[in-house]
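Below is one structure, written out as structure tokens, with a few remarks after it.
Take a look at the structure:
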């Protein structure tokens, strides 16, 4: 099997100084092997973007280690940065500000190639045209400015740029979150076909569990700086064991189920216990005092919950067995029933 | 809030130091011997030396500065070399003039600029261009020239207002106002441009915010939206600018006091400069610096009141 | 270079540049160009006005004013260069480094800048002048130093703004060294502000030094400088007005040109960095000819009835319609969903009902009837009363809809006061009621909070409370949960559902997420490229979409995927921008069912069964196909 391409060990990342500081990542470990996609799911404040930025070398690491292709990133000097750039690239979320509006596409695409591979301008241009075509754009795009492209097109350009350095790992930080559904589908298809063609690994970050499931082999669920659950994509997205992951699925609109998490704003800094405790319906006294460790599950993943045995295992739909909660309107219930009947929802009935 | 005040006051100390040290240092570099200037060339060298010793000019510059500082902290800025009057007395006499002038001019710039800027931001393009042009003129026309022109029109051709001179408030309120009008307008005109531009930009930007539309959706009256909500949000950069303008107007007041022959700190500064009257210049520099500190403090406090986020951090 | 060419295209900037260039030339070549030597005063025509021999008149010694002004340009130019040169030399590197490096260096520099900006420059310069009366250049250099703090602040701000841009992060990830990033990405962005500052500094320097000249410092008579000439003019103002006009005029004109030039450069830089970034991209094109179909009559039984709604925005050369003939009915207490992707016009539809279109958008056609009232015909006062009391509106971003300088209590009071007069206690009581209605725990504490102290979910609840203050009969919610986390989203949707059933108000829910619509609405309108393409009850739409776009849209959702190993079904191409909408069906270029008839003429929304309509000529085929797949 060989060493993993990316290895993150007990990572801690802290913003700000002293008392006013804030720890965005509080001890996260994960691994990505060659050719696999690991999905990272979390809501705002989960620390997933900070993790990505730390792997890319954009924010300093407070504790723990990040190793890429066997090399520790933190120790990187000038040469280390180059190694990092030749192995790991990124596609960011906002297609409108990730491309310098004053530079032509060709110039933007040439940057990673020339910085990492050291080619000439001519070589860079040739490769850029090739890449643009590969992502589904016309070759003349190389001489145009970002302003003349739509959001979806710009994201493709961003993908092309990421590939110019011939990386082995691409970090997709909410790369499709800002796109419309039909455009999102195009970009996701593109990412998957590129993965096959170039044998890429992805760290695919998102907040939509279904999109992440579609793209990933394994999924890691983060909440407030900690990993609460991880495992094979299908397991985590359809039959999660952790109450938070179950809440994520239950909250997705159209399921017809009442939200299982409480209203509490939870804006306070995380304390000693489980970060999800204030909103968890299964929480007991222990949860507020002691942070749970990740316990391996028989499904091949792991979950960090003291009450794992108390939390009912979900059925195929990923929601818990429960009667329609009071307050759920007729419309919601109807939609839920309709779900079971429509041809597109066959997957729910099959399992 | 208290932290803000302390922080701003903490800034005041280095400022006053810097200003007074610069002043002191520069004047101390003056070639020649101040005693010679004072006593004239016919005095004997012994007399020069004696006066030097008396005034402390024979000591090293650091010692001289230290002595000055010691006395200054107690409010004693020494004695004018020209007329032997206490510096603080002279300055305090002239302070109301400069204060009235500069504060009045700042108000003119603030009120005029905010009004023009808001007008420009809330009405169409045509009005915007007109106010722009008007404000631009205010910027381009030199203050001293404007003063001269205004005097010619309003004091000579139409004898409505006094051309020069100053009527103290204690003597006649009406006279005081009349003697202030032209100088304040002259000085403030230069500041109006910057305030207009800043207000216009800030208001325009604020009026595109979503909460403006939300307020409209609730049926809130348009005047409230513009003057209570938008202006309050736009006020922050405007306030900061006003603080900077005040400093600039302090400088401009020197010129305006010359044009209108006003007995303020500025005109005293010019004569003191020409006569190398160090204690007076020192005193004026410190007074100006303190004025800036007070204004900046006021701006900061207003800032905190207007912008809740600033208060929390 | 490019900037120069762009500047010359603007008339004001071009003229300013020309005048400034002329003045510089006069200054440099004064001995060659001036009619007379500067101090040549034969005492013949003294204090004369303009004439052929003396175009600008003469002064009290008979000297030609034009020549004196030209020679006076020399010290003006020289002094300005000294000041600005000093400031740039010291301030530019400091601002660049401080902004880019940040950290402790930046903090120290900013403290120094704060102190520096508070130094009263005039007094210090006067002191310098008294110390070095014969060396004016020392004063100009000192002035240059005193102008460093504002320049540093300005440049540093510009650098920080660029440094935070995502494309700088992308460049770092791409492996560029710090130096290359500064040169390629930061400096070009800073170029504009630097040039603007140069013009501003030049103007300040010129005004300052000529002020000093007026006070008698600097160039001494008989040599001319603009400032001293104003001083001389003051003495002879009663005998000859031209001296004053000429000297002041030349100063004013020069500064004016500098100011106009600075403004033009600033406008150009802003354009260069935001040019054309409108989402979605709307290319400028001539407005195409529209075939206007007669709109049907509004439904008197409905609470809200919209017919033939057309919304237009100005583009480069005229107007373009982003909503092109939309019909909509909502009955009292009904929940209607409006689905579509970006660029379809759904937000414009929602906002136009209360005339809240952003920017310069306007309703360019159609009728909007609310409970028998013609909304588009209301005058300003009536419209204000209509808003909030009949219809409420909440928008996408929870925090941006709340005035950040107002506490929650004051925000609610503002909304309440718009529709009734309340005493302070009544208003407070009512505000607490509203907060309880939106299920915010501890409402009394929330009243005292500012928007930035609220979480996303809380802020959206406050926004809903605000919208309910006037007890509207219809609530328009434009993507109310898009910016929220999915767990919070569920709570808000649940809240909206209960509010609808508790108050009996109708709801128009706009979203790009079909599942959100499915959660709350009974009926759905699907929009594409400015038109409604399908209208159906929610389950019918999900079970059997009757328009190719609806079908494709529902299929592209990863939630609908049955086999993860296959690519997602996509819609080829992209949404056409409003100016390129074809005459026939707007979807035809991306549709797999398209035939010739689709391009021929605009397709009308036709009724399929009761309460189902579709804008597809082949809707029935589609429905049959759906049945087939269901059976299989």
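Residue numbers (this note's numbering), protein chains in the order written: chain S, 14 to 364; chain W, 50 to 362; chain Y, 79 to 710. Cβ atoms here follow ideal geometry from the backbone N, Cα and C, with glycine treated the same way.
query	result
Compare the C-alpha of residue 478/Y against each of 309/W, 173/W, 185/W, 256/W and name the closest.	256/W
Would you verify that the beta carbon of residue 210/S is, or is not, closer than 7 Å to some beta carbon of chain Y?	no
Against residue 630/Y, what residues of chain S qualify as contacts under a CB-to-CB distance less than 8 Å, listed in chain order?	195
From the DSSP output, in three-state form, read off residue 186/W for me.	helix
Could you check if residue 133/W is buried or exposed, using at least 16 other CB atoms within 10 Å of its CB as the buried criterion?	exposed
So what does DSSP say about residue 116/W, is it helix, strand or coil?	helix
Which same chain residues, not among the five before or five after residue 158/S, have their C-beta less than 7 Å away from its C-beta?	114, 117
Shorter than 7 Å from the beta carbon of residue 528/Y to some beta carbon of chain W?	yes
How many Å lie between residue 230/Y and residue 100/S at the Cα?	39 Å
Strictly under 7 Å for the Cβ-Cβ distance: is residue 210/Y near chain B by that measure?	Absence of chain B from the displayed structure is noted, the protein chains being S, W and Y.
In angstroms with no decimal places, state the Cα-to-Cα distance between residue 689/Y and residue 580/Y.	26 Å
Would you please verify whether the beta carbon of residue 345/Y is less than 7 Å from any beta carbon of chain S?	no
Determine, using beta carbons only, whether residue 515/Y comes closer than 7 Å to chain W.	no
Exposed or buried, what is residue 257/Y when buried is set at 16 or more other beta-carbons lying within 10 Å of its beta-carbon?	exposed
Considering only the alpha carbon of each residue, which of 667/Y, 565/Y, 394/Y lies closest to residue 606/Y?	667/Y
How far does the alpha helix (DSSP H) with residue 392/Y in it extend, from its first residue to its last?	Looking at the DSSP string, residue 392/Y is not in any alpha helix (DSSP H); the run it does join, the beta strand (DSSP E), is 382-393.
Can you tell which of 291/S, 318/S, 293/S, 263/S has its C-alpha closest to the C-alpha of residue 327/S?	263/S
By Cβ distance, which residues of its chain are closer than 6 Å to residue 257/S, with the 5 residues on each side in sequence left out?	236, 241, 289
Please say whether residue 201/Y and residue 318/W have beta carbons closer to each other than 7 Å?	yes
Determine, using beta carbons only, whether residue 149/Y and residue 300/Y come nearer to each other than 7 Å.	no
Please classify residue 221/W as buried or exposed, where buried requires at least 16 other C-beta atoms within 10 Å of its C-beta.	exposed
Going residue by residue through the segment 218-264 of chain S, where are the continuous beta strand (DSSP E) segments of at least 3 residues, counting only ones entirely within it?	231-236, 239-245
Using DSSP with H/G/I as helix, E/B as strand and the rest coil, what is residue 176/W?	helix
Do residue 173/S and residue 145/S have their CB atoms nearer than 7 Å?	yes
With a cut-off of 7 Å, does the C-beta of residue 105/S fall near any C-beta of chain Y?	yes
Taking Cβ to Cβ, would you say residue 369/W is nearer than 7 Å to residue 292/W?	Nothing about residue 369/W can be reported from this structure: the residues present for chain W run from 50 to 362 only.
Could you list the residues in the segment 120-140 of chain S with a C-beta less than 7 Å from some C-beta on chain Y, going in chain order?	124, 125, 128, 129
So which residues on chain Y does residue 265/W lean against when the C-beta distance must stay under 7 Å?	434, 465
Does DSSP classify residue 214/S as helix, strand or coil?	strand
Work out the CA separation of residue 20/S and residue 68/W for me, nearest whole Å.	57 Å
Check whether chain S comes within 7 Å of residue 624/Y, counting only Cβ atoms and requiring the distance to be less than that.	no
For residue 645/Y, does the three-state DSSP call read helix, strand or coil?	coil
Is any beta-carbon of chain Y found at less than 7 Å from that of residue 223/S?	yes
Check whether the Cβ atoms of residue 150/W and residue 302/W sit closer than 7 Å, and answer yes or no.	yes
Would you please state the rounded distance, in angstroms, between the beta carbons of residue 611/Y and residue 604/Y? I believe it to be under 8 Å.	5 Å
Where do the ends of the beta strand (DSSP E) carrying residue 279/W lie?	First-last for residue 279/W: undefined, no H or E at that position.
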